[in-house]
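Numbering (the numbering used here), first residue to last: 230 to 384. Each residue gets a CB set at the ideal place from its N, CA and C atoms; glycine is no exception. These figures come from a predicted structure and were not determined experimentally.
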Amino acid sequence: MRAEFRKTLQPIDVLLAFLGVQRGQALRESEARYASLVASLREGILVRERDDTISACNPGTERIFGLPQQSILGRATLLPDVQYINTDGTPFDVNLQPGHLALTTGGPADDVEFGVLRSDGSSRWVVASARPLFRDGESVPHAAVVSLNDITDRR
C-alpha cells in the first residue's frame with residue numbers, strides 16, 4: 230500500500246503568503262512614491278558609486294547639465310560635454326566635487342559652488358552638497374548622494 234503525502238494549507242501558510250504579497254506590494258508602492266518624489270524635484274539629485282561613476286540621476290540633473298540621462302549614467306566624468314569653473318572663472322578641480330569628496334573622505338561635503346559650462350554654450354551656476362552612503366557594518370562608503378541646487382537666477 231502506497232502512502233500518499235498530501236499537504237493541507239494551515240492558517241499560518243495562508244497568512245505568510247498574504248503578508249508576502251502585501252509586503253511586496255507595499256515595497257513597490259513605496260519605491261514608486263520615492264521615484265516620483267525625486268523625479269519631481271527642481272534640484273538635481275544623482276548617485277555616485279565608489280568608482281565615481283554616476284548610477285542614477287533625476288530630470289533636474291539632466292536640466293542642469295543639459296544632457297539626457299543616457300549621456301550621464303555610467304560615467305565618472307561629464308567632461309568634455311560639460312566643463313566646470315570656479316566663481317572667478319578659473320577651471321574647477323573635479324576632485325573637489327562634493328560627490329567625490331564624500332566618497333574619499335567618508336564625510337559630508339556641503340555648499341560647494343561652481344559653474345557648469347554646457348556643450349550648447351550656455352551655463353548654469355550650482356551649489357552642490359553630498360552625503361556618503363554606507364552599508365551595514367562597512368566603514369567605507371559604497372556610494373554618495375549628491376544634490377545640485379541651480380542658483381543661476383540668483384547670480
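**Prompt:** Buried or exposed: which applies to Ile-301, given that a residue is buried once 16 or more other Cβ atoms fall within 10 Å of its Cβ?
**Reply:** On the sequence shown, position 72 is the one that residue 301 refers to. Counting other Cβ atoms within 10 Å of its Cβ, Ile-301 reaches 16 or more and is therefore classed as buried.
**Request:** Would you tell me roughly how many angstroms separate the C-alpha atoms of Gly-344 and Asp-365, rounded to the nearest one?
**Result:** Along the sequence shown, one-based indexing puts residue 344 at 115. Along the sequence shown, one-based indexing puts residue 365 at 136. Their backbone Cα atoms lie some 35 Å apart in a straight line.
**Request:** Grab me the residues of Trp-354's own chain with a C-beta within less than 6 Å of its C-beta, minus the 5 sequence neighbours each way, in chain order.
**Result:** As a first step, residue 354 must be located in the sequence shown, where it is residue number 125. Closer than 6 Å at Cβ, skipping near neighbours: Gly-344, Ile-380, Thr-381, Arg-384.
**Asked** In the structure shown, what three-state DSSP assignment does Pro-327 receive?
**Response** Residue mapping note: residue 327 aligns to position 98 of the sequence shown, counting from 1. Of the three classes helix, strand and coil, the one that applies to Pro-327 here is helix, per DSSP.
**Prompt:** Beta-carbon separation of Val-374 and Ala-359 under 8 Å?
**Reply:** Translated into the one-based positions of the sequence shown, residue 374 becomes position 145. Translated into the one-based positions of the sequence shown, residue 359 becomes position 130. Yes. Within cutoff.
**Prompt:** What residue from Ala-261, Thr-282, Ala-264, Ser-265 has the CA that sits closest to Ala-372's CA?
**Reply:** Your numbering for residue 372 matches position 143 in the sequence shown. Closest option to Ala-372, Cα to Cα, is Thr-282.
**Item:** Per-residue burial, Arg-277 [other beta carbons within 10 Å of its own, 16 or more giving buried]
**Value:** Locating residue 277 in the sequence shown gives position 48, counting from the first residue. By the neighbour-count rule (16 or more Cβ atoms within 10 Å), Arg-277 is buried.
**Request:** Rank Leu-377, Pro-297, Arg-271, Arg-262 by C-alpha distance to the C-alpha of Val-341 and give the top, closest one.
**Result:** Taking the sequence shown and counting its residues from 1, one reaches residue 341 at position 112. For Val-341, the closest of Leu-377, Pro-297, Arg-271, Arg-262 by C-alpha to C-alpha distance is Leu-377.
**Asked** What number of angstroms, rounded off, separates the C-alpha of Arg-257 from the C-alpha of Ala-264?
**Response** Here residue 257 corresponds to residue number 28 of the sequence shown, with the count starting at 1. Here residue 264 corresponds to residue number 35 of the sequence shown, with the count starting at 1. Approximately 10 Å, taken between the alpha carbons.
**Asked** CB-CB under 6 Å to Gly-328, same chain, minus the five flanking residues each way: which ones, in chain order?
**Response** Along the sequence shown, read from residue 1 onward, the residue named residue 328 stands at position 99. These residues qualify, in order along the chain: Arg-277, Ala-359, Ala-373, Val-375.
**Request:** Please confirm whether Ala-296 and Asp-310 have their CB atoms less than 8 Å apart.
**Result:** On the sequence shown, residue 296 is found 67 positions in, with the first residue counted as 1. On the sequence shown, residue 310 is found 81 positions in, with the first residue counted as 1. In the sequence as displayed, the identity of residue 296 is Leu instead of Ala. Going by C-beta atoms, Leu-296 is nearer than 8 Å to Asp-310.
**Message:** If you reduce the DSSP assignment to three classes, tell me which class Glu-291 lands in.
**Reply:** Here residue 291 is taken as the residue at index 62 of the sequence shown, counted from 1. Assignment of Glu-291 by DSSP, reduced to helix, strand and coil, places it in the helix class.
**Asked** Quick one, which of Ala-357, Ile-293, Thr-334 has its alpha-carbon nearest Asp-349's?
**Response** For the purposes of this step, residue 349 is taken as the residue at position 120 of the sequence shown. It is Ile-293.
**Prompt:** Which residues in the same chain have their Cβ closer than 8 Å to the Cβ of Cys-286, if we skip the five residues on either side of it in sequence?
**Reply:** Numbered from 1 along the sequence shown, position 57 holds the residue referred to as residue 286. So the qualifying residues of the chain are Gly-273, Ile-274, Leu-275, Val-276, Gln-298, Ile-301, Leu-302.
**Request:** Give me whichever residues DSSP pairs with Ser-352 in a beta bridge.
**Result:** Here residue 352 refers to the residue found at position 123 of the sequence shown. Answer is Leu-346, bridged to Ser-352.
**Asked** How should Thr-334 be labelled, buried or exposed, when 16 other C-beta atoms within 10 angstroms of its C-beta is the threshold for buried?
**Response** On the sequence shown, position 105 is the one that residue 334 refers to. Thr-334 should be labelled exposed.
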